[in-house]
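Residue numbers (the numbering used here): 12 to 428.
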Amino acid sequence: MKKFSFFLFQVLALPVILASGILGAQALTLQEELGKAIFFNKDLSFNGNQACADCHGAEAGWTGPDANFNAYGGVYEGSIAGRFGNRKPPASAYMTQSPILHLDKKGNFVGGNFWDGRATGERLGSPAAEQAQGPFLNPLEQALSTPADVVNKICTSMDSDLFRIVCGDNACDEANVSAAYDCVGYSVAAFEASPEVNQFSSKYDAVKAGKAQFSKEEQKGLALFMGKGKCNKCHVVTPRGKKALFTDFTYDNLGVPKNPENPFYSQIDYNPAGTNWIDLGLGGFLAAQGAHSEWVSLAVINMGKHKVPTLRNVDKWDPSLGPKVKAYSHNGYFKSLKSIVHFYNTRDVLPVCPELYTEEEALAANCWPEPEVAQNLNMADIGDLGLSNAEEDALVSFLETLSDGYVPQKHQSCSAR
Ligand code: HEC
Ligand code: HEC
């Protein structure tokens, strides 16, 4: 069944991929076009006011584009006012290559989508396709009630011809909802895998292609990324024969503190634990027997672990969005690249704050609050890197080269010398 639907997906995708080759590299396939139209369609929500793009804005590197949300809780309000989710939106780009969630030879979990891997990809043969079916029906996000609702809204609010061409003549028939909803997932995933989303057009890519040069500071940052900073251990730069995604799709507990400003703590209807709620990450998903019963026993050693996110576009923020505030890590605790790099550098060096401070308070008091989950902390690669302040800055400069949309300057070498 699983193989069959993935096969169907490929059969559908192939002719359009060929067609797009003729139309030019940037043209989207019909399936990608459909996925794009769905991704940006606000009608596909309870109040007709929220699309995927509202929490995954291209201008913000396909993550949260709202400076106000980012500045505090880091989580986003759903279609129904006052309902907030519990985690920061990760980028919806550069994640379609995440494999189906599995255990590797060393016993580590790899793959899946979401911070906790719960879109495993087993059902549809694609984590991204499974992920894309979630938000429409999440009461804290787009808040529709059934797949039939979503399909019905697609058939009435947008170009249903395109939907039928890609998903089949009977895509809008009531009897066919389940297959049509799978096709919605595959189409959104196809858009997320497209060159419009994964542009590989950063300064980093231009340097790799010999079309630009790093500044001395950026070069130093890259060396630290690969060496003393150990970032490359998880945010992998050198995958065999492929373009760097800056993630290996594994899971780790960095010891990120709770974000006291997360509005989820007061969402008692959805979060009976209130302020005592703890985000257990991958371990929480495994414990709930979300994937395989034989993985439940592995929950304990995966408590507090979250998926290694891509670092592409971590700094990206279009000026049209207003003054830049982004949020970093699964709960948006960190508000700048400098502060998260400082955390990697000094987690185990600075004293523990006397109570749960916000990032701003912690930076002012020169301490870090205790980790949200104390078990399974990564002690080997993180916490006491011995970086100087200037080295932290250089790492940030390197991270800033990962934003797509870089335009190489033609006479760079003349003006630089
Ligand atoms: C209200 C805000 C919101 C909306 C709307 C929303 N998302 Fe998300 N998205 C999130 C949050 C928060 C997460 C992380 C949730 C988690 O890990 O539990 C997430 C996770 C993801 C991921 C996982 C990325 C990864 O690396 O694992 C993808 C892909 C994604 N969303 C795509 C979409 C698509 C497609 C839609 C529309 C169908 C959508 N999102 C709608 C907030 C939102
Ligand atoms: C042991 C694996 C590991 C190492 C080493 C590592 N990271 Fe991470 N990184 C992660 C994980 C896992 C997360 C998400 C953790 C969370 O949210 O709880 C993350 C999150 C981040 C984020 C936030 C991205 C976002 O979208 O929210 C940035 C930025 C980052 N890392 C940069 C770095 C830099 C720079 C280094 C080197 C100094 C580094 N990382 C070293 C695993 C690692």
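Where a beta carbon is used, it is the ideal one built from N, C-alpha and C, also for glycine.
Since the model is a prediction, treat every value here as computed from it, not as a measurement.
Query: Kindly list the residues whose CB is nearer than 6 Å to the CB of F225, restricted to its own chain and excluding five residues on each side of it in sequence; keep chain order.; Result: V218
Query: Taking N163 as part of the alpha helix (DSSP H), name the residues at either end of that continuous run.; Result: 158 to 168
Query: Assign L396 to one of three DSSP states: helix, strand, or coil.; Result: coil
Query: Relative to the C-alpha of D290, which residue among V267, A204, V363, Q300 is closest?; Result: V267
Query: Just to check my reading of the structure: V199 and V162 have Cβ atoms closer than 8 Å, yes? What is that Cβ distance to the nearest angstrom?; Result: No, V199 and V162 are not in contact; Cβ-Cβ is about 13 Å, not under 8 Å.
Query: What did DSSP end up calling K241 once you bin it into helix, strand or coil?; Result: coil
Query: Is any non-hydrogen atom of ligand 2 found closer than 7 Å to the C-beta of G240, if you look at the structure I gave you?; Result: yes
Query: For the segment 169 to 255, list the alpha helix (DSSP H) runs that are entirely contained and at least 4 residues long, ordered along the chain.; Result: 171 to 178, 188 to 203, 214 to 219, 227 to 237
Query: Ligand 2 and I351: does the residue's C-beta get closer than 7 Å to at least one heavy atom of that ligand?; Result: yes
Query: Among G46, Y197, K254, P334, which residue has its Cα nearest to the Cα of A220?; Result: K254
Query: Residues in its own chain within less than 6 Å of N81 by CB, not counting five upstream and five downstream?; Result: G75, V336, K337, A338
Query: Mind checking if F296 is an interface residue toward chain D, Cβ cutoff 8 Å exclusive?; Result: No chain D appears in this structure, which consists of one protein chain only.
Query: Considering just the uninterrupted stretch of the alpha helix (DSSP H) at G295, what are its terminal residues?; Result: 292 to 298
Query: Whose CA, out of D193, T357, M314, K231, lies closest to the CA of T439?; Result: Look at the range of the chain in this structure, 12 to 428, and you will see that residue 439 is not part of it.
Query: At the level of alpha carbons, what is the spacing between G343 and V307?; Result: 28 Å
Query: Count the other CB atoms, across all protein chains shown, that sit within 10 Å of the CB of A102; report buried if there are 16 or more and exposed otherwise.; Result: buried
Query: Find out if the Cβ-Cβ distance for the pair A191, A201 is shorter than 8 Å.; Result: no
Query: Quick one: what's got a C-beta closer than 7 Å to E44's C-beta in the same chain, skipping five residues either side?; Result: L173
Query: Answer yes or no: do P320 and T258 have a C-beta to C-beta separation smaller than 8 Å?; Result: yes
Query: Taking C-beta to C-beta, are G84 and N282 nearer than 8 Å?; Result: no
Query: Tell whether a beta-carbon distance below 8 Å holds between G196 and L135.; Result: yes
Query: For W288, verify whether its CB is less than 7 Å away from any heavy atom of ligand 1.; Result: no
Query: Can you look up T258 in the DSSP assignment and give me helix, strand or coil?; Result: coil
Query: Looking at the structure shown, is W288 part of a helix, part of a strand, or coil, going by DSSP?; Result: coil
Query: Could you pull out every residue in the same chain whose Cβ sits closer than 6 Å to the Cβ of N58, ignoring the five residues on either side in sequence?; Result: S90
Query: So who's on the other strand from W328, going by DSSP bridges?; Result: Note: W328 sits in no beta bridge, so no partner.
Query: If I measure Cβ to Cβ from G35 and keep anything under 7 Å in the same chain, skipping five residues before and after, which residues do I get?; Result: Reliability of the predicted coordinates at G35 is poor, the pLDDT of 41 falling under 50, and the value obtained from them is presented with this limitation in mind. Hits under 7 Å: none found.
Query: Is any non-hydrogen atom of ligand 2 found closer than 7 Å to the C-beta of P146, if you look at the structure I gave you?; Result: no
Query: Is it right to say A69 is buried, meaning 16 or more other beta carbons lie within 10 angstroms of its own, or is it exposed?; Result: buried
Query: Runs of 3 residues minimum, wholly inside the segment 314 to 374: which ones carry the beta strand (DSSP E) assignment?; Result: none
Query: Expressed to the nearest angstrom, what Euclidean distance is found between the alpha-carbon atoms of R11 and F345?; Result: Only positions 12 to 428 of the chain appear in this structure, which leaves residue 11 out of reach.
Query: Less than 7 Å between C-beta atoms, sequence neighbours within five positions excluded: which residues of the same chain meet that for D170?; Result: A48
Query: Thinking G294 and A310 are a contact (beta carbons under 8 Å), I'd like their distance in whole angstroms, please.; Result: 5 Å
Query: Suppose you measure from the CA of E512 to the CA of S347; what does that come to, to the nearest Å?; Result: The chain is shown only over 12 to 428; residue 512 falls outside these bounds and no answer can be derived.
Query: Would you call the segment 105 to 115 and the segment 357 to 367 in contact, with 3 or more CB pairs under 8 Å?; Result: no
Query: Could you tell me the distance, in whole angstroms, from the CA atom of I33 to the CA atom of L39?; Result: Bear in mind that a pLDDT of 42 at I33, under 50, signals an unreliable position, so the model cannot answer this.
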